[in-house]
Each structure stands twice: as C-alpha cells, then as structure tokens.
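Accompanying notes for the structure given below.
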Amino acid sequence: MFCSKSSNMAVLQTVIASPLISSSSFTGCGKPINSPRIVGGQPASNGSWPWQVSILQSFYPICGGSLIAEQWVLSAAHCFFNSMGSLLQYNVLLGAYQLSNLSDNAVISDVEQIILHPDYNGLSGSTGDIALIKLKSPVKFTNYILPICLPESSTQFPLNEYCWVTGWGDIRSEVPLPDPRTLQEVKVPLIIREICNILYNSRPVLGLGWDPIKQDMICAGYPEGGKDSCQGDSGGPLVCQLEGVWTQAGVELVGAELSRGPSKRRTTEASRQRGEPMAVVPSSLLLGLLQLIVLKDVASSEAVCGQSVISPRIVGGNPAPEGAWPWQVSFMEKNQPICGGSLINEKWVVSAAHCFTKGYEQYDVLLGAYQLSIPPSSLVVTAVGQVISHPDYNGNDGSPGDIALVELTASLDLSDYILPVCLPDSSAQFSMDTSCWVTGWGQVKDGEALPPPQTLQELEVPLIDRDTCNSLFNSAPAPDLPQNPVLDDMICAGYPEGGKDACHGDSGGPLVCRCDAGWTLAGVVSWGEGCAEPKHPGVYTLVPYYANWISDNVPNISFVACNHAGWHSAPIMTLFLAPLALALP
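According to UniProt numbering, the residues represented by the sequence shown are 1 to 585, in order.
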C-alpha cells in the first residue's frame, strides 16, 4: 500500500531499529565483434553478488533490488509507483544467477508491504526514488543469499573510487539480455555533482531542467559512454568496497538514453539527515539514477553482510564474455593449458620465451576457445611450425628478452572469435594511470587449477611504473631475486595489496590496453613471485621494446601508434595506481 508521509517515516524508523536488519568480416585488429553486457558489462561469477534480487511482476522481471536484512529489500520507488493496487502481483527472486535456468539456490518470496519514500512524485529526476520491500517471511541466509551492508549517514564514498553495478537488464536500449540471462556486472567510477551537471547541461534532455543533479545526488560512469546499466536494472545496487566490505552506495534509476556519449547517471549522495535518500548517477547522459540511502544506525547481519562467498578467477578475475578477447591463444599439453599467447596475424602468435625452453612439438595451439572443457564450434586446433625466442633470454626467472614468436603450421581464417590484437610500435607509451586487462585459463590460485568448464578469465589491472615496481619488490625481497629486478624491457601491473593477478598457466598471455586503433598488446605475462601476493607485482615483457625485433622476424606485420598521455585525463576518470603480483608456468 502507499502510505502517508507520517506513516512512511514511522515504518522507516521501525526498519532501522528492527533486529532483523542487521565475422564475419574482419573489422581491424584489436576490435572484438562481441561486446560485454549490462551495456559494457560482463557476466558475474555465480554467488559473487549474493544480495542481488530480481523484482517480479506477474512473474516477469521488471526491476532489481538488494537484500538488506532477512525480510527487507531495497529498490527504486518508480518500479512500483503506477502499480500499487495489489501486492499479490509482486514477488522477489533471491539467490538467482541465470534467470532462464534457475538453480536450487534460488528462492521466490511473496511481498507483504511496499513503502515508497514520501518525496517521490513519479516524475523523472524526482527526489526520493527509493523503496523498501518487506518480504512475507524472513529468508534463510546461504552462500548465495546474503545482505549488503548499508552506509551510515556520515559515510563518504571517495570520488576516485570504482564501484560496481549489477543486474539482468537490457544490454542496450530495447535489446534484452539473451538466454540464459546471466547476471551482469560493470565497474564504474564515481563523479562529483558539478562535473555531472556540466555533462547534462552540455546535452540538454527534454523533461530535465538545468543542473538536474541536485544536492542529494552524485554521479558515476564513463564520459565516452559504452558501459552502464539499462532498462530492467532499475532498483538494483551500486556497491563500493569500504575497508574490505561491500557497502551499498546507490539504487539504480535508469533513464531514457543508454551509453550514448558524454553524460552521466544520477544518484543521491549519502551524507544528509538520517533517513534522507541521496542519489548517484553513473555514465552517459540519462543513463540512469542511482540513489544512495543513508539509514544511519542500520545494522546488517554482522558476520555476513557485504562479504561475497564466491571468489572470482585468474586470481581475482572474472569469466570473460565469449568472443570478447578473440586474439587469446592457449598452448595445450595433454589437454592442460600450459601457456597463453596472442594472435598478431593469420599465422603468428606472440608468447613468452620461457614457455618453450623444453621444446614445442608436444603442444596443441587452441584459437577461438572459450570454455576449454566444452569446445565451441568456433574452436580451431593447430600445431606449432617454429618458435623464435629472443636471443637475450637466458632461461632464468627475471631474464630480459622473455618473448617468443610462434609461427603456426597453416594460416588461419579470421572470424568473430579469431582476430589479431594490435601491436604497438616502438614509440608507444602507456600512461601509468591506464587500466589494462590480462586474460587466460591459468590457475585461480597457487596450486589450484581453473575448474570446469574452464571459462576464459579476465582481470582489469592498473599499470605501474618501473621505479615504483622495483621499490615494492625491494621492500619485500625474495631470496632468488636481485635488487631492482624489473628491467627496462619490462612493465608491471596490478594491486599493491595482492589478491588479483595472473597465475601459473597464464604465462605468455596478453596484457592489453585500449588505444585509438583498438585493443593493443602492451605486455606478455612473464614472471612474478607467487600468485597475487602483496608487494610482488606481476611483471610483463614490454612489447613496444621489442617492436623492431618483431618486425624483423614476421613478414608484413603491422603496428599502431599508441600514446596514452591524457587518455584517462578527465577528472571523473581518475584511476588507482597500484602494483600487483603474478606468476608463470
């Protein structure tokens, strides 16, 4: 039912105090045909966002939401504003991963009460676009059903922080998520209100006034568009990690346009009076509203809130969308991935020299693969014709020249799932605030293989300058490494706290960064100290350093210019600089 303002606030206070709330045609190198989901997102790992719910109307998913206690869900008011006649038409789906293929983890609950914020007036851009849904009975917490933590009214989310949006909404305007409708995730940076208003004002939208982002709102997203939530994601969570705990910063309020250029999503900020909503908006103009709720003193389940039980892969990575990295190669020995590589034209692959010190006759070369345990129709298996290792490589860990050129026995037919990556020329420079991606089928942690179906993993990593990287290694010295082990032909990438990295079996695989020409091979997975260990960054062979050597050995190979000075220069795109930790086969 729709309550009056006084009864709404009374119920809100009750909630706060309640103990329950604790190709076809080749389009050019570095440009995969298949794009990720949620408008620029990717499939999430099963169980990685256990507070995510789907709001069902007549058993059809209309909105998202987030579990905040055993009997309470947070969503958007506009999901219910015009349909408040009967609660019987609504259900809440919890513990789901693929909407077309519900598992035993999924639970469908009836709705007992829906409370809309009294400030919401039903208009686009209205304040108070937030709702509380009381379930008919408390749900039992499991690894796949857990509450998200709520911020206090004093909580401030850093504006250079990356947060995550999740949902089952359209992958672009009026294009629904295809079967099996796997939960999608996308990472978005937060944006200050003044910049967000400038972006909205630069492209006025009918129905929105000047400076539509009010005092209770903040934004998040990408100025170039391409990544965002979409219709059907409304009411879903925007979550940020605070001191290692996932905390809900916003509620999705999707607008009229989807990922179409320099504009942002709105959300309400979390610092006003207790109980007042505050919104947040990620990317592209009118991409949607995220509303922060600041329910001070709301306690979540102390032991479990904000703690995802299921960990992603590649040591801290995620399953990649199929076809997203079509240059990825796997070198297999006895049906096990030994090393990775990158296709650079129809007949040549770049990998690491240390992958071939014991020969290569026993290797199969897989291209167009996605899940190693389930070969797709796009899969091509071929053999190695010859390997040219750089003459500077001496066979030791940390040796310079850890790069190899692999000629295949036959030229390949390029397709949507088999495409070359761009090669940077010798003058290419990758800014140290650039965020790049490493991919592979290697171990998910030291000594633990990627489990079936062995889906290709991806991990976004920031680059690190050589001096900082050497300082990190020197601060936690390993007995087999000299001082300043990172040489001129190497580059580092990752996170100083560890936890995310490439690992055994990923060696030789690509580290790619986005340049004007497309995805460009910045590095080759080379060496590291363990897998994802703190202060031991992942070290990659720097590909531009060897551009001339590649040109001398591969006939008619092409290179692209790549200079990242200012590529991520907009203030809303501030990235974290940090080191990582990596390993080899």
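Ideal placement from N, C-alpha and C gives every residue a C-beta, glycine not left out.
In this text, all values refer to a predicted model and were calculated from it rather than measured experimentally.
Inclusion of L367 and V421 in the CB contact set at 8 Å is not warranted, their separation being larger than that value. Here DSSP, grouped into helix, strand and coil, assigns D467 to helix. Excluding the 5 residues flanking it on each side, Q113 has same chain C-beta neighbours closer than 6 Å at K134, in chain order.
Collapsing the DSSP output to three states places R514 in a strand. In the DSSP assignment, D364 falls within the beta strand (DSSP E) that extends over D364 to L367.
Residue environment analysis places W441 among the buried positions, since at least 16 neighbouring C-beta atoms fall within 10 angstroms of its C-beta. Taking a cut-off of 8 Å for Cβ pairs, the region 114-131 and the region 142-159 do not touch, as fewer than three such pairs fall below it.
Of the candidates G523, N474, W527 and S411, G523 places its Cα closest to the Cα of Y545.
D516 and K358 have their C-alpha atoms spaced approximately 38 Å apart. The criterion of a C-beta distance shorter than 8 Å is not satisfied by E407 and Q429.
Under the DSSP assignment, S54 falls outside any alpha helix (DSSP H), being part of the beta strand (DSSP E) whose first and last residues are Q52 to Q57.
The beta carbon of I108 sits closer than 6 Å to those of N91 and L93, all from its chain and outside the five residues before and after it, given in chain order. For N91, the uninterrupted beta strand (DSSP E) segment begins and ends at Y90 to L94. Under DSSP, C562 forms no beta bridge with any residue.
For the region 385-435, not one full-length alpha helix (DSSP H) segment reaches 4 residues or more. Residue pairing of E185 in beta bridges, as defined by DSSP: Q42 and T166. Between K187 and W168 a beta carbon distance of about 17 Å is seen, past the 8 Å cut, so the two are scored as non-contacting.
The residue from V73, F81 and E322 with its alpha-carbon nearest to that of A44 is E322.
Spatial neighbours of S154 in its own chain (CB-CB distance under 6 Å, excluding positions within 5 residues in sequence) are not present.
Taking each of Q71, S103, S202 and I198 in turn and checking the Cα distance to F141, the smallest one comes out for Q71.
DSSP places A353 in the helix class (H, G or I) of the three-state scheme. Looking at L99, C196 and F59, the one whose alpha-carbon comes closest to that of Q89 is F59. Taking C-alpha positions only, A131 is separated from M217 by approximately 17 Å. Between Y360 and V380, the C-beta gap is not smaller than 8 Å, which leaves the two residues out of contact. Between G398 and P485 a beta carbon distance of about 5 Å is seen, short of the 8 Å cut, so the two are scored as contacting.
In this structure, the alpha-carbon of G340 lies about 47 Å from that of N201.
W325 has its alpha-carbon roughly 23 Å from the corresponding atom of F356. Following the DSSP letters along the chain, one finds S202 inside the alpha helix (DSSP H) bounded by residues R193 to S202.
As the crow flies, the alpha-carbon of V554 is around 12 Å from that of L343. The Cβ atoms of L74 and I145 lie no closer than 8 Å to each other.
Boundaries for S75: no alpha helix (DSSP H) harbours it, while the beta strand (DSSP E) harbouring it runs W72 to S75, taken from the DSSP string. For N143, the closest of C492, G518, V438 and G95 by C-alpha to C-alpha distance is G95.
Straight through space, the alpha carbons of P151 and S558 are spaced by roughly 51 Å. If you draw a 10 Å sphere on the C-beta of I491, you find 16 or more other C-beta atoms in it, and that means buried. When the Cα atoms are used, P452 and Q336 turn out to be separated by approximately 12 Å. In this structure L511 touches V438 by the C-beta definition: roughly 5 Å separates them, less than 8 Å.
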